[in-house]
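Enquirer:
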Amino acid sequence: MTTSATSRPRTIFARATPPGRGAVAIIRLSGPDTDAALGALTPGRALPEPRLASLRRIADPVSGRVIDEALVLRFTAPASYTGEDAAELQLHGGPAVVAAVIEVLGRLPGLRPAEAGEFTRRAVLSGRMDLTAAEAVADLIAADTAGQAAQALAQLGGRLGRQVEGWRARLIRAAAMIEAEIDFPDEEVPDGIALTVAPELEAIATEFRTCLADGRSGERLREGVVVAVVGRPNAGKSSLVNALAGREIAIVTDRPGTTRDAIEVALDLDGVALTLIDTAGLRDTDDPIEQEGVRRARARAAEADLRLVVIDPETTDPAQAMAEAGVLPGDPIVFTRRDRLAGDAADRLRAEVAGDHPMVLVSCVTGAGMGDLATTLAGLAAGLTGGGEGAMITRARHRAALDQAAVALDAAAAGLTHPLPMLELVAEDLRRACDALGRITGRIDVEHLLDAIFREFCIGK
3 MTTSATSRPR
13 TIFARATPPG
23 RGAVAIIRLS
33 GPDTDAALGA
43 LTPGRALPEP
53 RLASLRRIAD
63 PVSGRVIDEA
73 LVLRFTAPAS
83 YTGEDAAELQ
93 LHGGPAVVAA
103 VIEVLGRLPG
113 LRPAEAGEFT
123 RRAVLSGRMD
133 LTAAEAVADL
143 IAADTAGQAA
153 QALAQLGGRL
163 GRQVEGWRAR
173 LIRAAAMIEA
183 EIDFPDEEVP
193 DGIALTVAPE
203 LEAIATEFRT
213 CLADGRSGER
223 LREGVVVAVV
233 GRPNAGKSSL
243 VNALAGREIA
253 IVTDRPGTTR
263 DAIEVALDLD
273 GVALTLIDTA
283 GLRDTDDPIE
293 QEGVRRARAR
303 AAEADLRLVV
313 IDPETTDPAQ
323 AMAEAGVLPG
333 DPIVFTRRDR
343 LAGDAADRLR
353 AEVAGDHPMV
363 LVSCVTGAGM
373 GDLATTLAGL
383 AAGLTGGGEG
393 AMITRARHRA
403 ALDQAAVALD
413 AAAAGLTHPL
423 PMLELVAEDL
433 RRACDALGRI
443 TGRIDVEHLL
453 DAIFREFCIG
463 K
């Protein structure tokens, strides 16, 4: 949404509550004609005082027919979510009532239905929030686990935005000192002032590196830890996935090669979102369809955060099965058929598994060991997400921009320590670093980023 300097922005409206029947339905408005719309909907009454919930009859301004009796909340610019004049109509949640009010609003001059995320988009354009906070709104709405919600709230509170703006302010100050030496060489600017900023640049670069070396914990918490369940046919992979999910997700038969397409199931383990992927059994086969399933299984295993290797100890050599699965250090090993194993099986199998792999014995028939497996997976997922504590980078675009800023800052620092420093190039490198940081919060190239970011939003937010 862009508006020229001479045009008047349209006032937008949308339902903010889910569609369907409910006790209450909320319709939001934002824009310069909000008060006019409220006046048309509530004839004969003064507008409510700002931020004071007021009971009003909502009527069709053409026919005079009363549509509903509702609470009306009015907000005046700039003290609103969008930074514009805004309002909420808290209606009774029947479909007929909501449809009638929406129809009336669509007839009023200067109003139009909102696009996805347009209320938050206007909040960004008016300076009420930066892009990281806007993204946090979307993440909070989409959060499936307590950990995801907590991380989104931290971002909404400015955890990343404040840090980025702090870095940017320090770099601008350093650039100003260098520009002073360039522009005023004969004035009262101390010689070598540019060199005094070198320690500050190194300190910021160290902070960049620390932030980037977080193991993608913030992204993993936001997106969910991906666990590929791999192993030979009939090892018990699908039974294990069904047991962890608590319902029948995958088909279980005694026939090898039943699972061909990957099947995904989402879990919440102690506040961390986890996606289990049941994959085709790993084996050599002449069936071209099963061959494709095996190829996809290996590809998903390579891309996953963890590989959960499922082994039937009665039929499979553990070392060979682990090699076939392409395990990495830390990947958990699960032995099935626990109900059929002798009492000393755990010690014997542990001796065959390297010490850096968590090992669990389970029975999908009796349920034995499933609690231990869930605890193991929860611990591994918490380790990969850092428990959600302190992660600032939560999206790939944050990481890419910060990496660009780090590269530019390293170039500036190297230029300062050169025997013949080119201060103009150093200043340009610092400008590039500042621009990269500005793209995180939306200070730079904001219009370029808005469409991609707000495509994730629902209507009415």
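Everything in the sequence shown is counted per my numbering, starting at 3 for the first residue and increasing by one. Each residue gets a CB set at the ideal place from its N, CA and C atoms; glycine is no exception.
Can you check which of these residues, D216, I180 and E221, is closest to E202 by C-alpha distance?
Expert: Here residue 202 corresponds to residue number 200 of the sequence shown, with the count starting at 1. The shortest C-alpha separation from E202 is found at I180.
Enquirer: Report the rounded CA-to-CA distance for A376 versus G226, giving the unit in angstroms.
Expert: By 1-based counting over the sequence shown, the position of residue 376 is 374. By 1-based counting over the sequence shown, the position of residue 226 is 224. Taking the straight line from one Cα to the other gives about 16 Å.
Enquirer: Could you check where the alpha helix (DSSP H) with D280 kicks off and where it finishes?
Expert: Numbered from its first residue, the sequence shown carries residue 280 at position 278. Unbroken run through D280 is the beta strand (DSSP E), V274 to D280; no alpha helix (DSSP H).
Enquirer: For the structure I just gave you, are there three or more beta carbon pairs, one from the stretch 154 to 170 and one from the stretch 120 to 139, closer than 8 Å?
Expert: At 8 Å Cβ cutoff, the stretches touch.
Enquirer: Taking 7 Å as the line, does the beta carbon of G85 fall inside it for any heavy atom of the ligand MN?
Expert: Looking for the ligand MN in the displayed structure turns up nothing, as the structure carries no ligands at all.
Enquirer: Are there 16 or more other CB atoms within 10 angstroms of the CB of M324, so buried, or fewer, so exposed?
Expert: Walking along the sequence shown from the start, residue 324 turns up at place 322. Buried, by the Cβ-count rule.
Enquirer: Out of curiosity, what's the CA-to-CA distance linking D431 and R175?
Expert: To locate residue 431, count along the sequence shown from 1; it is residue 429. To locate residue 175, count along the sequence shown from 1; it is residue 173. Approximately 14 Å, taken between the alpha carbons.
Enquirer: So, is G273 buried or exposed, given that buried needs 16 or more other C-beta atoms within 10 angstroms?
Expert: Locating residue 273 in the sequence shown gives position 271, where the first residue counts as 1. Buried.
Enquirer: Let me see if you follow: with CB-CB separation under 8 Å, is E221 close to chain E or not?
Expert: In summary, chain E is missing from the structure at hand, where a single protein chain is found.
Enquirer: Are three or more beta carbon pairs between the stretch 65 to 85 and the stretch 102 to 119 nearer than 8 Å?
Expert: Output reads yes: the stretch 102 to 119 touches the stretch 65 to 85.
Enquirer: Out of R340, I143 and V229, which one is the CA nearest neighbour of A370?
Expert: The residue given as residue 370 occupies position 368 in the sequence shown. Here the closest residue by C-alpha is R340.
Enquirer: For H94, does the three-state DSSP call read helix, strand or coil?
Expert: Residue numbering aside, residue 94 sits at position 92 when the sequence shown is read from its first letter. Of the three classes helix, strand and coil, the one that applies to H94 here is strand, per DSSP.
Enquirer: From the DSSP output, in three-state form, read off L52 for me.
Expert: In the sequence shown, counting from the first residue as 1, residue 52 sits at position 50. As written in the sequence, residue 52 is Pro, which differs from the Leu given in the question. DSSP places P52 in coil when its eight states are reduced to three.
Enquirer: Using a Cβ-Cβ cutoff of less than 6 Å, which residues in the same chain neighbour S365 once the five nearest sequence positions on both sides are dropped?
Expert: By one-based count along the sequence shown, residue 365 stands at place 363. Closer than 6 Å at the Cβ level, and outside the excluded window around S365, lie R340 and D341.
Enquirer: Look at the alpha carbon of G24 and the alpha carbon of A215, and state the distance between them as a whole number of angstroms.
Expert: The count along the sequence shown starts at 1 and reaches residue 24 at position 22. The count along the sequence shown starts at 1 and reaches residue 215 at position 213. So the two alpha carbons sit approximately 47 Å from each other.
Enquirer: Indicate the three-state DSSP secondary structure (helix, strand or coil) for E266 in the structure shown.
Expert: As a first step, residue 266 must be located in the sequence shown, where it is residue number 264. Here E266 sits in strand by DSSP.
Enquirer: For the alpha helix (DSSP H) that T122 lies in, which residues bound it at each end?
Expert: Position 120 of the sequence shown, counting from 1, holds the residue named residue 122. Element bounds for T122: E120 to L127.
Enquirer: To the nearest angstrom, how far is the alpha carbon of A384 from that of S32?
Expert: As a working note, residue 384 is residue 382 in the sequence shown. As a working note, residue 32 is residue 30 in the sequence shown. About 41 Å.
Enquirer: I think V329 touches H359, with their Cβ atoms under 8 Å apart; what is that distance to the nearest whole Å?
Expert: For the purposes of this step, residue 329 is taken as the residue at position 327 of the sequence shown. For the purposes of this step, residue 359 is taken as the residue at position 357 of the sequence shown. V329 to H359, Cβ: 7 Å. Contact.
Enquirer: Could you name each continuous beta strand (DSSP E) segment of 3 residues or more that falls completely within the stretch 346 to 394, going from the start of the chain to the end?
Expert: For the stretch 346 to 394, whole beta strand (DSSP E) runs of length 3 or above, ordered along the chain, are 361 to 363.
Enquirer: Quick one: grab the DSSP three-state call for F480.
Expert: Residue coverage of the chain in this structure runs from 3 to 463, which leaves residue 480 outside it and unanswerable.
Enquirer: Determine whether the beta carbon atoms of R302 and A264 lie at a separation below 8 Å.
Expert: Within the sequence shown, numbered from 1, the residue matching residue 302 stands at position 300. Within the sequence shown, numbered from 1, the residue matching residue 264 stands at position 262. Going by C-beta atoms, R302 is nearer than 8 Å to A264.
Enquirer: Can the beta-carbon of E221 be found less than 8 Å from the beta-carbon of A27?
Expert: By one-based count along the sequence shown, residue 221 stands at place 219. By one-based count along the sequence shown, residue 27 stands at place 25. Their beta carbons are not under 8 Å apart, which means E221 does not touch A27 by this criterion.
Enquirer: Report, in whole angstroms, the separation of the C-beta atoms of Q157 and T122, which I expect to be a contact under 8 Å.
Expert: Walking along the sequence shown from the start, residue 157 turns up at place 155. Walking along the sequence shown from the start, residue 122 turns up at place 120. The Cβ separation is near 13 Å, so there is no contact.
Enquirer: So which of M424, L422 and T396 has the shortest CA-CA distance to A145?
Expert: Here residue 145 refers to the residue found at position 143 when the sequence shown is read from its first residue. Taking only the C-alpha atoms, the option nearest A145 is T396.
Enquirer: Examine the Cβ distances between the stretch 45 to 53 and the stretch 104 to 121 and report whether three or more of them are shorter than 8 Å.
Expert: Contact fails: fewer than three Cβ-Cβ distances are below 8 Å.
Enquirer: Can you list, in chain order, the residues of its chain with a C-beta nearer than 7 Å to that of A39? Leave out the 5 residues immediately preceding and following it.
Expert: Numbered from its first residue, the sequence shown carries residue 39 at position 37. If we look at A39 and ignore the five residues flanking it on each side, its Cβ neighbours are T13, L31, L107, L110 and L113.
Enquirer: Between A299 and the rest of its own chain, which residues show a CB-CB distance below 6 Å, the 5 nearest in sequence each way excluded?
Expert: For the purposes of this step, residue 299 is taken as the residue at position 297 of the sequence shown. Result list for A299: T281 and A282, in chain order.
Enquirer: What is the DSSP secondary structure of A306, counted as helix, strand or coil?
Expert: Sequence index remark: in the sequence shown, residue 306 carries index 304 (1-based). DSSP places A306 in coil when its eight states are reduced to three.
Enquirer: Using DSSP with H/G/I as helix, E/B as strand and the rest coil, what is I442?
Expert: Within the sequence shown, the letter at position 440 stands for residue 442. It is helical.
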